[in-house]
Amino acid sequence: SVTFMCDVNEGEDSDWEYSINKDGRQFLPNNPHKTYRLDHLQTHNSGEYQCCGRQKQTHDIKCSNSVSLPVAAGWRFFWYEAVPDPSSSSYNYNLLPGSTKGTLENSFIIHGQKQTAGYVCRAARGEPEIYSDYSKTKLVWSADSPAAASLSVSPDRVQHFRSESITLSCEGNSAEWRVMMISERGVLFDFCGWKTMTGTSCTVNITWDHSRTHWCETGSGEFSDAVNITGQADPDGLILESPLHPVSEGDPVTLSCRLRKPKLLSDVFFYHNNKRLQHDSRGELKISAVSKSDEGFYKCEHSGEKSPQSWMSVKVSESNPVSSSSAVLLVVGPVIGLILIILLLLLWRYRRSKDRCCRLIQTESSSQSSNTNHGADQTESPTYSSLLHGDSSLYDTIQPHTAFKNVRRPEPEEGADYVNVQTGSADFTPTPAEINHQKKKKKR
């Protein structure tokens with residue numbers, strides 16, 4: 014939006030009426046208001062504007078000079094990677110792929126970032142394009158892979174007393190390096206200028222209170238992991254000695270509480286995420302094998318005084334990572350094995366039951382065959398006919414021959430049994446068979 018304001022330095026404001034012209038034509042008719050606000054600007058609002066005042070009594074008209082108002086079509090956004098510039102304390106900005114012509118959206122997604130990197134953006138509009146200033150550099154820290162550079166601090170701890178000296182150095186594959194620090198307002202500082210990579214260090218005094226973030230940059234555009242360095246302003250205060258860099262899971266860790274002057278402390282309380290852990294008379298907290306659950310904020314207390322708190326980071330060992338997929342296999346594997354064992358047992362029992370059934374049928378069949386052959390020689394006893402085919406004894410139904418189709422089967426007598434036998438043999442001619450069980454007549 015834009016606001017126009019008209020003012021005539023003659024008489025009272027109530028003696029005048031005001032109007033606004035655009036490109037030589039009346040845009041806003043006479044009205045008693047000195048100001049006018051134009052909202053939601055569009056490209057058609059571009060033009061030359063002037064303000065006119067008309068005296069109510071004399072109708073005299075006085076107009077201002079023209080003012081140009083350009084309205085661009087819209088903002089386009091450009092995205093850059095910030096690369097350390099060895100010739101200065103600033104950065105060079107390289108356009109990111111996909112951003113050479115700008116984007117209409119005011120956000121940009123970067124895929125596949127593996128290392129820590131810095132980014133800036135700016136906007137432009139109009140023909141020809143008019144660019145805004147660059148934004149502040151924002152660093153995006155990545156923990157997906159080990160950093161290409163590393164920052165070392167001596168003494169190797171997070172907290173230091175104010176005015177103490179610390180020594181900083183950087184290791185990497187580049188020929189040059191520098192240490193950067195970010196202030197509480199987000200301003201980046203070149204901490205000690207560019208240094209050569211071999212055998213050089215930077216010594217500075219702690220001049221800040223609270224915690225400041227530091228990192229190392231190389232001339233080839235690499236960034237180290239960030240570390241926090243905390244200054245203790247109270248000369249009689251406490252500091253917590255804790256690891257500066259992340260510790261590996263399973264490693265031993267010792268936290269201690271100390272004053273500026275070396276002194277053995279007793280009756281020290283240690284806190285983890287504001288929860289008191291122990292009452293240790295030696296002034297130390299020892300963790301024999303640190304785990305991920307030990308990660309968090311720590312501080313110590315002695316004689317009612319508390320140290321600043323510091324974050325201790327714990328990283329999972331790469332040699333023995335426990336992934337979610339491995340955990341799933343640990344649970345699913347035994348279950349699948351148990352199911353397979355149960356299925357095999359059921360199959361075994363089924364096969365065993367089937368074999369017993371088959372053996373029983375064969376035994377009964379052989380027994381019946383033997384009884385039939387034996388009964389053929391004894392006419393007084395009931396007789397059963399059987400057809401032997403190979404080694405098997407079969408009982409089949411014998412269908413009447415075509416010659417007997419019209420022969421009526423006699424009604425069975427009392428005590429008569431019919432055994433119908435049928436065979437698939439081509440050499441056998443079916444004949445009706447009847448076996449009568451004759452009841453023995455009682456002797457008188």
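Numbering (our numbering), first residue to last: 14 to 457.
Heads up, the beta-carbon is just placed ideally off N, CA and C, and yes, glycines get one too.
Exposed is the label assigned to P42, since fewer than 16 other Cβ atoms lie within 10 Å of its Cβ. It is roughly 23 Å from the alpha-carbon of R191 to the alpha-carbon of Q126. Beta-bridge analysis with DSSP links F17 to Y49.
Per the C-alpha coordinates, the member of W88, L164, V153 and K299 positioned closest to A137 is W88.
Beta-bridge partners assigned by DSSP to F236: E230. Around the beta-carbon of L108, fewer than 16 other beta-carbon atoms lie within 10 Å, marking it exposed. Judged by DSSP in its simplified three-state form, S323 adopts strand. In this structure the region 237-250 does not touch the region 275-292; the number of beta carbon pairs closer than 8 Å is below three. Within the same chain, and ignoring the five residues on either side of S320 in sequence, the residues whose Cβ sits closer than 8 Å to its Cβ are Q172, Q245, G250, L251, I252, L253, C270, K312, C313 and E314. In this structure, M193 and W154 do not form a Cβ contact; the two beta carbons are roughly 13 Å apart against a cut-off of 8 Å. Out of S323, A302 and I300, the CA that lies nearest to the CA of G309 is found in S323. Counting along the chain, V266 sits inside the beta strand (DSSP E) bounded by residues V266 to R271.
Cα atoms of H285 and S255: separation of roughly 12 Å, rounded to the nearest angstrom. DSSP places T180 inside the beta strand (DSSP E), whose first and last residues are S178 to E184.
Secondary structure of S196 (DSSP, three-state): coil.
In the displayed model, G66 falls within a strand according to three-state DSSP. Within the same chain, Cβ atoms closer than 6 Å to the Cβ of S182 are found at S165 and S214, the five residues on either side in sequence being excluded.
In the structure shown, P347 adopts helical secondary structure according to DSSP, grouped into three states. Y147 carries a coil assignment under DSSP once its states are collapsed to helix, strand and coil. The continuous stretches of beta strand (DSSP E) do not include V303, and DSSP gives it neither H nor E. Of all alpha-carbon atoms in Q68, E140 and L298, the one lying nearest the alpha-carbon of P265 is that of L298. DSSP places D203 within a strand segment (E or B) once states are collapsed to three.
Scanning Y132, G111, T48 and K35 for the CA closest to the CA of P83 turns up K35. The residues S187, in chain order, have a CB closer than 6 Å to that of S233 in the same chain once the five nearest residues on each side in sequence are set aside. Spanning the alpha carbons of P259 and S237 requires a straight line of approximately 13 Å.
In summary, E94 is buried, with 16 or more beta-carbon neighbours lying within 10 Å of its beta-carbon over all protein chains present.
If you look at Q128, you'll find it isn't in any beta strand (DSSP E); DSSP assigns it neither H nor E.
The region 192-206 and the region 216-230 touch, with no fewer than 3 CB-CB distances between them shorter than 8 Å. A straight-line Cα-Cα distance of about 29 Å links K75 and T56.
Ranking D26, T231 and L257 by CA distance to the CA of I242 puts L257 first. Each of C134, P141 and S77 was checked against the Cα of K149, and the nearest Cα belongs to C134. By the 16-neighbour rule on beta-carbons within 10 angstroms, W207 is buried. DSSP places S167 inside the beta strand (DSSP E), whose first and last residues are S163 to S167.
About 6 Å separates the beta carbons of F17 and C64, which is inside the 8 Å limit, making them a contact pair. Exposure of T180 is indicated by the presence of fewer than 16 other C-beta atoms within 10 angstroms of its C-beta. Secondary structure note for E94: its beta strand (DSSP E) is the uninterrupted segment R89 to P97.
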